[in-house]
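Data block below; observations after.
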Amino acid sequence: MARLPAPLPDSAKTPDTAAPNTQRCLIVGMGASAGGIEAFSRFFDTMPPDSGAAFIVVLHLDPNRESQMAQVLAVHTAMPVVQVVDQMPVRPNTVYVIAPDRDLTVRNGMLHLVKPAEKRGHRHPVDVLFRSLAADQGERVVAVVLSGTGSNGTDGLKEVRAAGGLILVQDPATAKFDGMPRSVIAAGLADHILPPEAMAEVLGRYFRDEYIAEPLGGEAAEAGAQPLIDQILTVLRTRTGHNFASYRRSTLQRRIQRRLSLRNMPSLDAYLTELRNDPAEAPQLIKDLLINVTSFFRDADAWSALCEQVIAPMVASRETGATIRAWVPACSTGEEAYTLAMLIAEQASLAHKSFDVKIFATDAREDNLHFARDGMYPVAAITGLDATRQRRFFEGHDATYRVKKDLRAMVIFAPQNLLTDPPFSHIDLITCRNMLIYLESDAQQGIIALFHFALDHGGALMLGNTETVGRHSAVFEQVSKKWRIYRRLGPTRLDIVNFPVMRGATPVANPQKPSTAVVAADMSAGDLARRALLDRFAPAAVMIDAQHRVVYFHGPTSAYLEQPTGEPSRDLFAMARAGLGVKLRQAVREAQQGLREVSFEATLLHQDTDRAVTVIASQVAGQGNGHLLVSFIPANSVTSRIALDPPETVLHEAMLRDELAAVRSELQYTIASLEATNEELKATNEEATSMNEELQSTNEELETSKEEMQSFNEELHTVNSQLQSNIRELEDSTNDLNNLLAGTETATLFVDTKLCIKWFTPGTKDLFDFMASDIGRPLQHFAMKFDDGSLLTDVDKVLQKLVVLETEVPSANGRWYLRRMLPYRTLDNRIAGVVITFFDVTDGKVARDAATEARIFSQAIVETIRQPLVVMDEALKIVSINPAFEKRFGVSEDRAIGLSVFNLAQGEWNSSDLRGLLETLILDGQPFSDANLDHGLPGHAQRHLVMNGRKLTREGGRQSLILLAIEDVTDQRRSDVIARQLAAIVNASSDAVFSMDLNGVITSWNPGAVEIFGYSPADIIGQPISVMNDPASGQNPPDCLAQFAQGGETLHYELPRLRKDGSTVWVSETDSSLRDGSGALLGASSIARNITDRRKADEHREILVGELNHRVKNTLAIVKAIASQTLRGDIALPEARAAFGERLMAMARAHDLLIEANWAGTDLGSLINATIEPHEAGKNRFHISGPFVALNPSVAMTFSLAIHELCTNAAKYGALSVAEGIVTIVWTLTENSGVPHFQWRWLESGGPPVTPPVVTGFGTSLIKRALAMELGGTVDVSYDISGVAYVLDAPVPS
Amino acid sequence: MSAGPPSSLRVLIVEDEAIIAVDLSDMIADLGHVVVMVANRLDIGLDFARSGRFDLAILDLNLRGILSFPIADVLRDQKIPFIFASGYGERGLIDGFRDAHVLTKPYNIDALGKMVASATQ
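For the record, the sequence lines run as chains L and B.
Here the first sequence is numbered in the numbering used here, starting from 411 and rising by one per residue.
Here the second sequence is numbered in the numbering used here, starting from 115 and rising by one per residue.
The following block contains the structure:
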């Protein structure tokens, strides 16, 4: 909160504070945002690296990214460029760049980084830097504002300005974004407005300047400068009326020195001359001298203290409708006054009261007052306010906010110089912060006294934090020591007020009065004595004015005067007691009429006592306004005065009388002078009030003129909108015209009488290379894209003769134009030039060409077409025939022309049908199509012709023509018959016949296919052939279409296909390609035969073959076994051959038996009978008995072989070798303890005696091993002498 | 190997044709081996096969219409070598036995001897 420049110039004079200043380098704070990098680059390009200054660069950086600024700037300067880290000391000839997402401040020559308090988008890092620089470096600050948007920097610069620093601003014309520079310039803060590259020079000069180089000037310099400073102040006073006599000399001198430095002035002398000569300099200097640093709620705590301790009690103690008067002297740009207004308004609304609030805000600077009255503040100024206040007291206007009207109405801004102008009075609250510090001590005290005067009793005064009421502490009560809030004590002390006189209408001509008191002397002893004497000896008296109103009572007048009943009255006659009235009236009249003194005696009746009184009415000495003094002297005292009349007493009395007279005159003088003072004060008050009125009326006038301006503005708006609508109409017309001309595509060229181009349409682009800027240039300067040598001469001709010229010209790109020229006539029939139009007539030519082409085209068709065509006239005489006709009918066109069609080809066409058709055609123009005509050419078969006829009606009344087209459909009909026959075959076929297109989609389907596949034509036509694939079979048909596309013609295969009902049908399928005449593939046709039955038969056969193979192999294995068994041991070959043959025969017989039973097995009895049949040498040799026992083929085979061997053995060696021998074969089925048992016995008897064989024969082996194994039983062989016996015990054969 | 010379094998014959079984038994004996069992039915063969008391089995593939693969399964589990005898030759085999030893009927002792040697290698 740098409410005062730091370091304070006074304190800085001491050597110990001056020392660090000389050591510390100068710091240049630089701020920018958008477009800043370029501006910085330009700045540093020209900035010498040895300036001795440090540069701190602040701009808006993306908080989330590393900054490349340092690297970027390093390219542009030889100085080291560093990104700032916290606690970094500032060194000369170095560039410091702010780090992202940080605020940069300078404290005690060290750089500090802090996290910004405001959220992103509301930060003002440049303001932060400038403020800290102003606080830390004071007047040594140099601030530079470069390109950027918004107002960042402006607020901080106010403090730089207050500290006395130098402010450089980039010339907005050179800035990429001029928001920040303009904001600074608008705030009146810029010392120099320069392009960045010009700043180095100014800075260099400034660095070398005394103001900076020798920071605060020496004592000697100051001493010598004093008279010059005084002269400067005098010039200011005479020029502007501003009196700086009371300002601190040191401050003034520094400010003037700064001005010198800015203006590059070598000395105060030179500056004084400049000041005298340049009328613009004085206001500039005033601006610098009248420091204004303020903001809304500056020192918020101070304001809350004020609110709490002064405003709130004040609001609480007053009723609605009461007046609150406050005064804000030196209000600068009004922030303090508005702050106060806001506080009062808030408190009032909190208390639900409303007051007549008048805040007098005064300042010496008119420009400040203008600004304050407008109440327009940049966004930055109000960002410190909380949102509620922003909403309640401000309204937004783009980048600025305006104080709302109700708040502005509370504040009256008026020009007033505290030092020279009279104060306000009856004020409840004065806030005057940080103004006194700039003034000399005496002036400060004078102002405090003035405030005491201005304040109402109990009124409050608020000063800046470092200011006090000084030696006037006796008349002020301290309310808050910390925040310097005081309350007025005691009565108004005119004696302490150095009351400034009114400036009146000619303020400049009335410099400040010398500070001498008008009524300054303390009351003297003489006065005291006089007053005592008066009290003691003077009689009761009243002074009255010319209207007889008592203006002064002296002494005990109650004996003579009393207030009558009713309203209080000052009328002397009304107050006179009974007995006094008439005489008093007369005496007063007489005294007024010029008698110096009139006396009378009267008797008063008072409380039943008669009292005599002498009344003296006398004119008041030295007063011409008719005032009278009326004295009441009790009669006894007069009596005593008369009674006591000894000579010494007389002498004494005379002495007393003289003295009394003197006292009286003194009294009169005092009274007069008191009255005069009173009058003066009254006048002042009146004047102040009237001035207020005047101010208010001025304000109102301003409002009025503002309203006038607004209404004028409205008018301008209206006019503007009218103009705009006119322009719009013109634009519409122009658009219409342009579109019209563009739409016609007519090339139109307007030239004036000097052959300069006036206007042209876009259509001319094919003819000239005109551009919009060519308007006004001479036509002959342009090359023509068409061949027209006479263009210019023709224009001249038209201008001279005012004729219309037309000619056709070819263009370079092969187009033809009709060039037409006619004079350009204005509305007033003046010839202003020539209009040249170019019509593209190429299209006509194109149309003719197209017609020719169409004729050639159609002729070619007629000649090429295969259908014979003949054209006849209405008499049916041939007009023209085409080559097809010539070829078909074997007649040349030459010969045919002129013949009647009916005579053609030996009159074959002379049929009544054709004649009728043609006649109808001729009569009503009805064309006929597909008329059949059968005729036979001589020596040829009957031909079938189809004819189409058209009547060709011709324009221009010419005879119509008949076109007859003939088609010979004989071959086609033959094909139709064949196709029908084929279709019948297909339909009748029991095989499936169907076809498919190139996509495999079925296109035809015969009844055979319906039978085989179950699909009706409606089901399947349009479906892909693949619906009939049987995926379960794993067999898909070959892609016949693909093979046909490769050139294949037919394909044969067998496969299962799926029927509609889901069952499988095996088909033998033959696919054939379908091709058109040129051989291009159209699809495929298929013939499929149902081979399901054949497939079943085949499968059965395969099973049979397998079974047969098994049996044959098995049989062979048995044969092999028999063979190897037969050949085992020592056996003679012939014997073996016979035995083997017989064994095979036995086997064959068993086979026969089994085959008879279809290999299902046989029964034991049949088997035995069949086996023994060849061996039955005689009847009854075998006795066979046994029950039915079924045998399976294998058992039957083994049994059969075994029996055959037994028979052979019996025939060779046993019972059958003799005639009487008998073989008994018996078998039984018994049950052996519940298990069915089978016993078979072979018993021989009647044979030769038995000898057991040496070796086991095949038969025995077969029975004992094979049969036993086969039946799972045992075989017992006994070689009984009477015969061999074989017994087989086994389970019942299964 | 309690009977016969060290090289002799104990052989199981499964064959439904008794005559062939007899002849085969003789041939096995001629080759110096011992037939420990002749089974003419699947159940009998299967029972004996599970006993595992033999070194080699010769299985007729078709036992009166019933195929002998179940016995082969048991033998393979026991890692006892076996030879199929079949009129179909190798064509009669089912999946899983395609690489089995097969003797095509009819066969002689030479073929049998080679096959036995091959199966018991």
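Each residue gets a CB set at the ideal place from its N, CA and C atoms; glycine is no exception.
Buried versus exposed call for Ala-774(L) [16 or more other C-beta atoms within 10 Å across all chains shown]:
If you number the first sequence from 1, residue 774(L) lands on position 364. Ala-774(L) should be labelled buried.
Residues of chain B with CB closer than 7 Å to the CB of Arg-1675(L), please, in chain order.
In the first sequence, counting from the first residue as 1, residue 1675(L) sits at position 1265. Against chain B, a Cβ distance below 7 Å from Arg-1675(L) picks out Val-136.
Cα-Cα separation between Gly-1243(L) and Ala-1270(L), rounded to whole angstroms
In the first sequence, counting from the first residue as 1, residue 1243(L) sits at position 833. In the first sequence, counting from the first residue as 1, residue 1270(L) sits at position 860. The alpha-carbon atoms of Gly-1243(L) and Ala-1270(L) are separated by roughly 54 Å.
For Val-1025(L) and Pro-921(L), the rounded distance between their alpha carbons:
Residue numbering aside, residue 921(L) sits at position 511 when the first sequence is read from its first letter. Residue numbering aside, residue 1025(L) sits at position 615 when the first sequence is read from its first letter. Because Pro-921(L) sits at a pLDDT of 38, beneath the cut-off of 50, its placement in the model cannot be relied upon, and the following sentence gives the value as read from the coordinates. Looking at the two C-alpha atoms, the distance is approximately 51 Å.
Return yes when the Cβ of Ser-1495(L) is within less than 8 Å of the Cβ of Ser-1399(L), no when it is not.
The residue given as residue 1399(L) occupies position 989 in the first sequence. The residue given as residue 1495(L) occupies position 1085 in the first sequence. The answer is no: Cβ separation not under 8 Å.
Can you give me the C-alpha to C-alpha distance between Ala-1093(L) and Ala-956(L), rounded to a whole angstrom?
Within the first sequence, the letter at position 683 stands for residue 1093(L). Within the first sequence, the letter at position 546 stands for residue 956(L). Computed Cα separation, rounded: 21 Å.
His-1705(L) - DSSP class collapsed to helix/strand/coil
Outside the displayed range of chain L (411 to 1704) lies residue 1705(L), so it cannot be described from this structure.
Would you mind giving the Cβ-Cβ distance between Gln-855(L) and Arg-881(L), rounded to the nearest angstrom? I have them listed as a contact below 8 Å.
Here residue 855(L) refers to the residue found at position 445 when the first sequence is read from its first residue. Here residue 881(L) refers to the residue found at position 471 when the first sequence is read from its first residue. Sure, about 6 Å apart at Cβ, within 8 Å.
Endpoints, the beta strand (DSSP E) within which Tyr-1696(L) is located:
As a working mapping, residue 1696(L) is identified with position 1286 in the first sequence. Element bounds for Tyr-1696(L): 1693-1701.
Under the three-state DSSP convention, the category Ser-1496(L) falls into
Taking the first residue of the first sequence as position 1, residue 1496(L) is located at position 1086. Three-state result, Ser-1496(L): strand.
Closer than 8 Å, CB to CB, is Lys-219(B) near chain L or not?
Within the second sequence, the letter at position 105 stands for residue 219(B). For Lys-219(B), the nearest beta carbon of chain L is closer than 8 Å to its own beta carbon.
Does the contact criterion of 3 or more C-beta pairs under 8 Å hold for the segment 1567-1582 of chain L versus the segment 1548-1555 of chain L?
The way I'd put it, the segment 1567-1582 of chain L doesn't touch the segment 1548-1555 of chain L; fewer than three beta-carbon pairs between them come closer than 8 Å.
Quick one: list the residues of chain L neighbouring Glu-204(B), beta-carbon separation under 9 Å, in chain order.
Taking the second sequence and counting its residues from 1, one reaches residue 204(B) at position 90. Chain-order list of chain L residues neighbouring Glu-204(B): empty, with the shortest C-beta distance near 13 Å, by a criterion of under 9 Å.
Starting from Asp-460(L), trace the alpha helix (DSSP H) both ways and give me its first and last residue.
Taking the first residue of the first sequence as 1, we reach residue 460(L) at position 50. First-last for Asp-460(L): undefined, no H or E at that position.
Rounding to the nearest angstrom, what Cα-Cα distance links Gln-497(L) and Phe-587(L) in this structure?
Locating residue 497(L) in the first sequence gives position 87, counting from the first residue. Locating residue 587(L) in the first sequence gives position 177, counting from the first residue. Going from the Cα of Gln-497(L) to the Cα of Phe-587(L) covers about 33 Å.
For the candidate residues Ser-200(B), Gln-235(B) and Val-230(B), whose alpha-carbon lies nearest to that of Asp-130(B)?
Working through the second sequence from its first residue, we reach residue 130(B) at position 16. Nearest of Ser-200(B), Gln-235(B) and Val-230(B) to Asp-130(B), Cα basis: Ser-200(B).
Beta carbon proximity, Gly-227(B) to chain L, threshold 8 Å
Reading the second sequence from its first residue, position 113 is the one you call residue 227(B). Not one chain L Cβ lies under 8 Å of Gly-227(B).
If you drop the 5 nearest sequence neighbours on each side, which residues of the same chain put their C-beta closer than 7 Å to that of Val-1311(L)?
One-based indexing of the first sequence puts residue 1311(L) at position 901. The answer, listed in chain order, is Val-1280, Met-1282, Leu-1286, Ile-1288 and Trp-1319.
Boundaries of the beta strand (DSSP E) in which Gln-1649(L) is found, first to last residue:
In the first sequence, counting from the first residue as 1, residue 1649(L) sits at position 1239. Note, Gln-1649(L): beta strand (DSSP E), 1645-1655.
Chain L beta carbons: is any one of them nearer than 8 Å to that of Val-152(B)?
Taking the first residue of the second sequence as 1, we reach residue 152(B) at position 38. With 8 Å as the cut-off, Val-152(B) counts as an interface residue toward chain L.
Rounded C-alpha distance that separates Met-1231(L) from Thr-1158(L)
Your numbering for residue 1231(L) matches position 821 in the first sequence. Your numbering for residue 1158(L) matches position 748 in the first sequence. The straight-line gap from Cα to Cα measures roughly 10 Å.
Starting from the C-beta of Glu-1155(L), find all residues in its chain whose C-beta is less than 8 Å away, skip the five residues before and the five after it, and write them out in chain order.
Indexing the first sequence from 1 puts residue 1155(L) at position 745. The residues are Gly-1173 and Asp-1250.
Where does the unbroken beta strand (DSSP E) through Ile-954(L) begin, and where does it stop?
The residue given as residue 954(L) occupies position 544 in the first sequence. Here the beta strand (DSSP E) through Ile-954(L) covers 950-954.
Give the DSSP-derived three-state secondary structure of Val-1379(L) in the structure shown.
The residue labelled residue 1379(L) in the question sits at position 969 within the first sequence. In the structure shown, Val-1379(L) sits in coil (DSSP, three-state: anything other than H, G, I, E or B).
Which class does Leu-414(L) belong to by DSSP, given the choice of helix, strand or coil?
By one-based count along the first sequence, residue 414(L) stands at place 4. Reliability of the predicted coordinates at Leu-414(L) is poor, the pLDDT of 35 falling under 50, and no value is obtained from them.
Could you tell me if Ser-165(B) is buried or exposed, where buried requires 16 or more neighbouring beta carbons within 10 angstroms of its beta carbon?
For this step, residue 165(B) is matched to residue 51 along the second sequence. Exposed, by the Cβ-count rule.
So what does Lys-768(L) bridge to, in DSSP terms?
Here residue 768(L) refers to the residue found at position 358 when the first sequence is read from its first residue. BP columns for Lys-768(L) point to Arg-735(L).
Cβ neighbours of Ile-127(B) in the same chain (closer than 8 Å, five flanking residues each side left out)
The residue given as residue 127(B) occupies position 13 in the second sequence. Taken in chain order, the residues that qualify are Ala-135, Leu-138, Ser-139, Ile-142, Val-149, Met-151, Val-152, Ala-153, Ala-171 and Ile-172.
Where DSSP assigns a beta bridge to Gly-1489(L), which residues make up the other side?
Counting from one through the first sequence, the residue named residue 1489(L) turns up at place 1079. Note: Gly-1489(L) sits in no beta bridge, so no partner.
Report back the beta-carbon spacing between Arg-1370(L) and Thr-1363(L) to the nearest angstrom; my notes put them in contact at under 8 Å.
For the purposes of this step, residue 1370(L) is identified with residue 960 of the first sequence, where counting begins at 1. For the purposes of this step, residue 1363(L) is identified with residue 953 of the first sequence, where counting begins at 1. Here residue 1370(L) is Ser; the residue named in the question, Arg, does not match the sequence. At roughly 5 Å, the Cβ-Cβ gap stays under 8 Å, so Ser-1370(L) and Thr-1363(L) are in contact.
In whole angstroms, what separates the C-alpha of Glu-629(L) from that of Tyr-616(L)?
Residue numbering aside, residue 629(L) sits at position 219 when the first sequence is read from its first letter. Residue numbering aside, residue 616(L) sits at position 206 when the first sequence is read from its first letter. With a pLDDT of only 42 at Glu-629(L), under the threshold of 50, the placement of this residue in the model should not be trusted, and no figure is reported.
Measure the beta-carbon distance from Asn-1397(L) to Ala-1375(L) and round it to whole angstroms, keeping in mind my assumption that it falls under 8 Å.
The residue given as residue 1397(L) occupies position 987 in the first sequence. The residue given as residue 1375(L) occupies position 965 in the first sequence. With 8 Å as the limit, Asn-1397(L) and Ala-1375(L) do not qualify as a contact, their Cβ atoms being about 36 Å apart.
Looking only at its own chain, which residues have a Cβ that is under 7 Å from the Cβ of Val-524(L), when we skip the five neighbours before and after it?
Looking up residue 524(L) in the first sequence gives position 114. So the qualifying residues of the chain are Arg-512, Asp-513 and Thr-515.
For a contact meaning CB atoms closer than 8 Å, what does Asp-130(B) contact in chain L?
Within the second sequence, the letter at position 16 stands for residue 130(B). Here the neighbours are Ser-1604.
Can you name the residues of chain B whose CB is closer than 9 Å to the CB of Glu-1583(L)?
One-based indexing of the first sequence puts residue 1583(L) at position 1173. The premise fails here: Glu-1583(L) is roughly 21 Å from chain B at the closest Cβ pair, so nothing lies under 9 Å.
For Trp-1169(L), which residues in the same chain have their Cβ closer than 7 Å to its Cβ, ignoring the five residues on either side in sequence?
Residue 1169(L) sits at position 759 when you count from the first residue of the first sequence. For Trp-1169(L), where only same-chain residues beyond five positions count, the Cβ hits under 7 Å are Phe-1160 and Ile-1185.
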